[in-house]
Amino acid sequence: MLPNGLNESRLGITVTNQVANSPGRRRIKRLIREVFRLNTFDTKGVNVDFVVIARQTEFEHTYQSVLTEISNAIRK
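Okay, here's the thing in structure tokens:
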């Protein structure tokens, strides 16, 4: 997450072949986009570029788990 100096925030998502097969990668991307669409994250009034790199994990990819992971990462 870095300030971008634009009038809007942007989102970039990367999911590699090692994480899941093609339908799985699309599902993960849809979940991440939905989390950002439905939630506002405190960026202190600055428009930022978010870059999400999905890594291989053992947990089930659900909306709540993705929301928790992204919220924890943004708080750091």
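All residue numbers for the sequence shown refer to our numbering, where the first residue is 18 and numbers rise by one. Using N, Cα and C, we set each Cβ at its ideal position, and we do this for glycine too.
- Assignment of beta-bridge partners to G41 by DSSP yields no partner.
- If you check the CB distance, V83 and V52 come in under 8 Å.
- For V36, there is no enclosing beta strand (DSSP E), as DSSP marks it with neither H nor E.
- Nearest to N24 by C-alpha distance, out of V69, S88, V63, E86, is V63.
- L48 sits in a helix when the DSSP states are folded into three classes.
- In the displayed model, F67 falls within a strand according to three-state DSSP.
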